[in-house]
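> Here you go, one structure.
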Amino acid sequence: MFDNKSILLTGGTGSFGKRFISHILARYKPSRLIVFSRDELKQFEMQQQFNDPALRYFLGDVRDKERLLTATKNVDFVVHAAALKQVPAAEYNPNECIKTNINGAQNVIDACIANNVSKVIALSTDKAANPVNLYGATKLASDKLFVAANNIAGANGPRFAVVRYGNVVGSRGSVVPFFRKLLADGVSVLPVTHKEMTRFWITLDDGVSFVVKNFARMQGGEIFVPKIPSIRILDLVEAMSGSRDYECVGIRPGEKLHEIMVPEEMAHHSVEFDDHFVITPAITFFDTNVNYHQNKLLEEGRPVADKFEYHSGTNPHFLTVDELKELDSATV
Numbered sequence: 070m071f072d073n074k075s076i077l078l079t080g081g082t083g084s085f086g087k088r089f090i091s092h093i094l095a096r097y098k099p100s101r102l103i104v105f106s107r108d109e110l111k112q113f114e115m116q117q118q119f120n121d122p123a124l125r126y127f128l129g130d131v132r133d134k135e136r137l138l139t140a141t142k143n144v145d146f147v148v149h150a151a152a153l154k155q156v157p158a159a160e161y162n163p164n165e166c167i168k169t170n171i172n173g174a175q176n177v178i179d180a181c182i183a184n185n186v187s188k189v190i191a192l193s194t195d196k197a198a199n200p201v202n203l204y205g206a207t208k209l210a211s212d213k214l215f216v217a218a219n220n221i222a223g224a225n226g227p228r229f230a231v232v233r234y235g236n237v238v239g240s241r242g243s244v245v246p247f248f249r250k251l252l253a254d255g256v257s258v259l260p261v262t263h264k265e266m267t268r269f270w271i272t273l274d275d276g277v278s279f280v281v282k283n284f285a286r287m288q289g290g291e292i293f294v295p296k297i298p299s300i301r302i303l304d305l306v307e308a309m310s311g312s313r314d315y316e317c318v319g320i321r322p323g324e325k326l327h328e329i330m331v332p333e334e335m336a337h338h339s340v341e342f343d344d345h346f347v348i349t350p351a352i353t354f355f356d357t358n359v360n361y362h363q364n365k366l367l368e369e370g371r372p373v374a375d376k377f378e379y380h381s382g383t384n385p386h387f388l389t390v391d392e393l394k395e396l397d398s399a400t401v
């Protein structure tokens, strides 16, 4: 699918970006693989790590539409991963979060439509479902923009979709490297915001593979949600430290006890496939013949039950302490 094609990745120097680039270069031969980000040092470091003639490095910010218009010329596929993601930072700096996560999203959409990009997938988060923090609210707004962009683009324009998933194991800023550093520094009791906290859990490799596969699945307008396990925070503490002892530090600004990826209110718009869910558009598209119960790979879906909710606390699949230990070892 990506052979001899041009791919642009916003926020390309982050944890997802590096793994996505490794994945693409190992399996495909793109004509161009464009890393678009605003940090020149991280781009320099990536150039030392990746040496492939297809790679291009564009300095730029998604807040700058003119730069995006230049970067997306003759591009076939876009993955939009750029975002401000830290929940407390967004609470204290709301306007900055809005500029990047909402205005930046619209700039990406406008540039892709102007340059007739073929397909676009935007990365979302479980925090966008029934959001209680500003980060989640901005990502919900971004999701709505990307879904509606299919109508704005029209019948012959780019197709836009969204991928929503939970905490990424070992990604920069996540709890695993934080706990790992504390333990390396000699801390014996790990800090926990609340002992009953649960989270959806996905590896970087699984996240990247899910995004790549959805380029083949997508028709435009879908929010793709993978079926992934949950974890209990005290199970993670035990897996990493060998003890369930913890220090309660209190819930951070804007933090939830549990996360949701498919809210109950969207059950009547949701379709279940073997390994994922799809939240279909709530608005009527110009093309009313799209059948979201069968995707482009001819996978068949079925409606979820009334009042269905995909919730990290009631998820039927929780990782055990042993599974968490194995996952922790694999991500060192």
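Each residue of the sequence shown is one higher than the one before, starting from 70 at the first, in the working numbering.
Even for Gly, the Cβ is constructed at its ideal location relative to N, Cα and C.
1. Tell me which same chain residues have a C-beta within less than 6 angstroms of the C-beta of Gly-81, skipping the five on either side of it?
2. What does DSSP give as the partner residue(s) for Thr-139 in the beta ladder?
3. At which residue ranges does the region 169 to 207 contain complete beta strand (DSSP E) runs of 3 or more residues, listed in the order of the chain?
4. Roughly how many angstroms lie between the CA atoms of Asn-199 and Pro-122, to the nearest whole one?
5. Is the Cβ-Cβ distance between Val-238 and Thr-272 less than 8 angstroms?
6. If we ignore side chains and look at the alpha-carbon of each, how far apart do Ala-180 and Lys-134 end up?
7. Could you give the residue range of the alpha helix (DSSP H) that holds Tyr-161?
8. Would you grab the beta carbon distance between Asn-185 and Pro-227 for me? Rounded to a whole angstrom, and I think it's under 8 angstroms.
9. Report all residues from its chain with a CB closer than 7 angstroms to the CB of Lys-188; omit the five preceding and five following residues, and keep chain order.
10. Where do the N-terminal and C-terminal ends of the beta strand (DSSP E) with Met-330 fall, by residue?
11. DSSP three-state call for Pro-260: helix, strand or coil?
12. Give me the DSSP bridge partner(s) of Pro-372.
13. Go to Ile-302, then tell me how far its alpha helix (DSSP H) extends in each direction, as first and last residue.
14. Put Ala-150 into one of helix, strand or coil per three-state DSSP.
15. Can you tell me where the alpha helix (DSSP H) holding Glu-114 begins and where it ends?
16. For Asn-364, I'd like the list of residues in its chain whose CB is within less than 6 angstroms of its CB, leaving aside the five on either flank, ordered along the chain.
17. For the candidate residues Glu-265, Asp-397, Arg-301, Ile-348, whose alpha-carbon lies nearest to that of Ile-292?
18. To the nearest angstrom, report how far apart Asn-172 and Pro-295 are at their CA atoms.
19. Tell me the residue span of the beta strand (DSSP E) that contains Val-294.
20. Please look up how many angstroms separate the CB atoms of Leu-203 and Ala-159, rounded, as I've assumed it's under 8 angstroms.
21. Check whether the region 82 to 92 and the region 273 to 280 touch, using three or more Cβ-Cβ pairs below 8 angstroms as the test.
22. If Gly-235 sits next to Met-309, beta carbons under 8 angstroms apart, how far is it from one beta carbon to the other, in whole angstroms?
23. What does the Cβ neighbour count give for Tyr-379, buried or exposed, with the cut at 16 atoms within 10 Å?
24. Rounded to whole angstroms, what's the CA-CA distance from Gly-290 to Val-131? Just pull it up for me.
25. Select from Gly-323, Glu-333, Gly-382, Leu-396 the residue whose C-alpha is nearest the C-alpha of Lys-154.
26. How long is the line joining the alpha carbons of Ser-312 and Val-306, rounded to whole angstroms?
27. If you compare alpha carbons, which of Ile-190, Arg-136, Thr-194 is closest to Asn-219?
28. Given this structure, state the Cα-to-Cα distance separating Glu-316 from Val-245, to the nearest angstrom.
29. I believe His-327 touches Ser-381 by the beta-carbon criterion, under 8 angstroms. Please report the beta-carbon distance rounded to the nearest angstrom.
30. Please list, in chain order, all residues of the same chain as Ser-243 whose beta carbon is under 8 angstroms from its beta carbon, the five residues on each side excluded.
31. Following the continuous beta strand (DSSP E) through Ile-103, name the residue where it begins and the one where it ends.
32. Excluding the five sequence neighbours on either side, which residues of its own chain have a C-beta within less than 7 angstroms of the C-beta of Ile-167, listed in chain order?
Concretely, from the data shown:
1. Val-104, Phe-105, Ser-106
2. Note: Thr-139 sits in no beta bridge, so no partner.
3. 188 to 192
4. 43 angstroms
5. yes
6. 7 angstroms
7. 156 to 161
8. 7 angstroms
9. Phe-146, Pro-227, Arg-228, Phe-284, Met-287
10. 329 to 331
11. strand
12. Val-340
13. 302 to 310
14. coil
15. 109 to 118
16. Arg-286
17. Ile-348
18. 27 angstroms
19. 292 to 295
20. 4 angstroms
21. yes
22. With 8 angstroms as the limit, Gly-235 and Met-309 do not qualify as a contact, their Cβ atoms being about 18 angstroms apart.
23. buried
24. 21 angstroms
25. Gly-323
26. 7 angstroms
27. Ile-190
28. 16 angstroms
29. 5 angstroms
30. Asn-236, Val-237
31. 101 to 106
32. Thr-207
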